[in-house]
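Residue numbers (the working numbering), protein chains in the order written: chain A, 1 to 86; chain B, 87 to 412.
Ideal Cβ positions, reconstructed from N, Cα and C, are used throughout, including at glycine.
This one's a predicted model, so the numbers in the text were calculated from it and none came from an experiment.
Spelled out as structure tokens, the structure:
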């Protein structure tokens with residue numbers, strides 16, 4: 001399963017409760033109210049466990065995490081992670 | 087929206103009228119609606135509980151107000167003294183219940199400390215700690231908690247909280263508010279009294295309370311007042327000046343922690359103005375000059391307010407029942 005689908009599925013399952021109709025790859029998770037601060041911590045835990053990486057505090061920014069597209073781009077720049085973007 | 091120009095004076099309160107209104111509510115609800123003999127007020131030595139106790143005493147008479155002083159191991163040194171000052175100033179009966187042993191038995195301190203040790207391995211019981219948020223900036227950012235520790239030898243350390251640690255530290259700390267409320271209801275039940283809650287509007291609206299902890303109560307006499315207005319009322323009611331001068335604090339962690347370090351984006355005076363402005367349809371541009379922020383920063387605070395309101399909905403929610411089919 002490619003990274004984009006894994007990330008989308010996680011967000012839809014955990015924050016949108018199966019209703020992903022309005023979640024586009026560039027939908028801002030902050031602006032849309034999809035994820036709050038506790039949700040960001042859940043997202044980080046998911047990314048670290050799923051993609052076997054460590055996210056440094058300075059990487060926890062909307063620039064890196066605020067949409068499916070941005071998350072996949074961020075993952076592709078992390079070392080030793082093979083990411084296949086949609 | 088057509089309305090008066092935005093100005094801090096919009097928060098000015100007619101204290102005499104407002105006090106009368108709250109007193110009428112307390113008499114009507116506590117005595118007639120609930121048929122209780124009086125009101126229990128947890129006294130933290132802070133402005134909110136002091137105002138509630140004072141206004142309750144005016145409404146119901148001092149024999150119908152009971153103060154509970156409930157310090158614990160992490161309470162600030164002045165908390166007990168200030169709580170007692172309020173009770174003695176009002177001439178109300180009161181009791182001291184140090185809740186440290188209850189919290190110890192429930193594992194409050196140990197669960198919190200174990201969570202912190204996962205992040206700061208040389209943290210040990212007796213070290214002091216607090217949670218802090220980063221300051222507000224213009225950039226949209228995630229405001230994620232850090233734990234700040236001061237070791238017994240004065241060294242400090244800090245670490246970003248991961249999900250498990252954050253949830254555990256908060257859950258463990260929530261024992262404090264829930265234990266206090268448990269004792270308030272013990273005294274209330276034993277005296278046939280009702281229990282007062284003491285949140286102000288900022289706290290009530292923004293979910294700055296613990297569900298079934300300080301969020302539980304039978305009446306909340308100042309939950310409709312901005313904190314700025316609570317201070318105005320405190321001056322009108324002649325709450326002792328030492329209480330009125332005390333900076334707002336969470337008094338939850340062993341290191342002094344302001345409410346804006348822990349929860350709000352801004353000091354309460356500015357937070358009140360932004361919240362008032364948002365509630366009354368003013369724009370970020372209207373509000374910004376009066377709070378010393380850029381328009382963009384006010385917009386960030388607007389978004390923070392909405393986000394906290396969303397989370398607060400769960401805290402306010404009573405149990406949800408299944409509709410009967412009949």
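Residue burial classification, residue i (beta-carbon count within 10 angstroms, cutoff 16)
i             : result
residue 270/B : buried
residue 68/B  : Because chain B is modelled from 87 through 412, residue 68/B falls outside the range shown and cannot be assessed.
residue 314/B : buried
residue 329/B : buried
residue 180/B : buried
residue 187/B : exposed
residue 103/B : exposed
residue 280/B : buried
residue 334/B : buried
residue 153/B : buried
residue 135/B : buried
residue 413/B : The shown model of chain B, from 87 to 412, leaves out residue 413/B, and the question about it has no answer.
residue 367/B : exposed
residue 85/A  : In this predicted model, residue 85/A has a pLDDT of only 46, less than 50, meaning its place in the structure is not dependable; the value taken from the coordinates is given anyway. Counting Cβ neighbours within 10 Å, residue 85/A comes out exposed, since fewer than 16 surround it.
residue 90/B  : exposed
residue 13/A  : exposed
residue 43/A  : buried
residue 239/B : exposed
residue 27/B  : Past the boundaries of the shown model lies residue 27/B; chain B is included only from 87 to 412, so the question cannot be answered.
residue 291/B : buried
residue 9/A   : exposed
residue 275/B : exposed
residue 87/B  : No answer about residue 87/B holds up, because its pLDDT of 48 lies below 50 and its placement is not dependable.
Within 8 Å, strictly: CB atoms of residue i and residue j
i             : j             : result
residue 308/B : residue 245/B : no
residue 69/A  : residue 2/A   : no
residue 305/B : residue 115/B : yes
residue 413/B : residue 40/A  : It is not possible to answer for residue 413/B, since the shown part of chain B is limited to 87 through 412.
residue 178/B : residue 139/B : yes
residue 202/B : residue 215/B : yes
residue 219/B : residue 339/B : no
residue 424/B : residue 92/B  : A question about residue 424/B goes unanswered here, because the residues of chain B that appear run from 87 up to 412.
residue 341/B : residue 234/B : yes
residue 331/B : residue 101/B : no
residue 261/B : residue 189/B : yes
residue 97/B  : residue 228/B : no
residue 282/B : residue 142/B : yes
residue 273/B : residue 377/B : no
residue 113/B : residue 278/B : no
residue 394/B : residue 293/B : yes
residue 51/A  : residue 23/A  : no
residue 247/B : residue 232/B : yes
residue 55/A  : residue 47/A  : yes
Beta carbon proximity, residue i to chain C, threshold 8 Å
i             : result
residue 129/B : Absent from the structure is chain C; the protein chains it does hold are A and B.
Can we say the stretch 156-171 of chain B touches the stretch 124-139 of chain B, given the rule of at least three CB pairs closer than 8 Å?
Result yes; three or more Cβ-Cβ pairs closer than 8 Å.
With a cut-off of 8 Å, do at least 3 Cβ pairs link the stretch 281-292 of chain B to the stretch 320-340 of chain B?
Taking a cut-off of 8 Å for Cβ pairs, the stretch 281-292 of chain B and the stretch 320-340 of chain B do not touch, as fewer than three such pairs fall below it.
Looking at C-beta atoms only, is the number of pairs between the stretch 291-303 of chain B and the stretch 259-268 of chain B that lie closer than 8 Å three or more?
As far as the Cβ criterion goes, the stretch 291-303 of chain B touches the stretch 259-268 of chain B, which means the pair count is three or higher.
Contact residues within the stretch 4-34 of chain A, judged by C-beta distance below 7 Å to chain B:
Among the residues of the stretch 4-34 of chain A, those with a Cβ less than 7 Å away from any Cβ of chain B are 30, 33, in the order of the chain.
Selection of the stretch 207-236 of chain B by Cβ proximity to chain A, strictly under 7 Å
For chain A, the residues of the stretch 207-236 of chain B that bring a beta carbon within less than 7 Å of one of its beta carbons are 226, 227, 228, 229, 230, in chain order.
Would you list, in chain order, the members of the stretch 58-69 of chain A that have their beta-carbon closer than 7 Å to a beta-carbon of chain B?
Against chain B - using a Cβ distance shorter than 7 Å - the residues of the stretch 58-69 of chain A are 60, 61, 62.
Could you please tell me which residues of the stretch 37-57 of chain A, in chain order, have their CB closer than 8 Å to any CB of chain B?
For the stretch 37-57 of chain A, which is checked against every Cβ of chain B, the residues closer than 8 Å are 37, 38, 40, 41, 42, 44, 45, 57.
Does the stretch 188-201 of chain B come close enough to the stretch 23-38 of chain A that 3 or more CB-CB pairs lie under 8 Å?
The stretch 188-201 of chain B and the stretch 23-38 of chain A do not touch, with fewer than three beta-carbon pairs separated by less than 8 Å.
Could you name the residues of the stretch 164-184 of chain B whose beta carbon sits closer than 7 Å to any beta carbon of chain A, in the order they occur along the chain?
Within the stretch 164-184 of chain B, no residue has a Cβ that lies closer than 7 Å to any Cβ of chain A.
Would you mind listing the alpha helix (DSSP H) stretches within the stretch 262-325 of chain B that are 4+ residues and don't spill past its ends, in chain order?
Correct list: 287-292, 313-322.
Tell me which residues of the stretch 92-120 of chain B have at least one Cβ-Cβ distance to chain A shorter than 9 Å, keeping chain order.
Those would be none; no residue qualifies.
Chain A contacts from the stretch 232-265 of chain B (Cβ-Cβ distance under 7 Å)
Cβ contacts with chain A come from 246, 248, 249, 252.
Kindly provide the ranges of any alpha helix (DSSP H) runs that are 4 or more residues long and lie completely inside the stretch 46-78 of chain A, ordered along the chain.
The stretch 46-78 of chain A is shown to contain whole alpha helix (DSSP H) runs of 4 or more residues at 62-65, 68-77, in chain order.
Looking at chain A, which residues of the stretch 375-405 of chain B have a Cβ within less than 8 Å of any of its Cβ atoms?
Residues passing the 8 Å Cβ filter: 389, 392, 393, 396, 397.
What are the complete beta strand (DSSP E) segments, minimum 3 residues, inside the stretch 165-238 of chain B?
179-182, 214-218, 232-236, all fully within the stretch 165-238 of chain B.
As an exercise, report each continuous alpha helix (DSSP H) stretch of at least 4 residues that is fully enclosed by the stretch 356-390 of chain B, in chain order.
370-377, all fully within the stretch 356-390 of chain B.
Threshold first: 4 residues or longer. Then list the alpha helix (DSSP H) segments lying entirely within the stretch 94-123 of chain B, N to C.
Every alpha helix (DSSP H) of 4 residues or more that sits fully in the stretch 94-123 of chain B is shown, in chain order, as 101-112.
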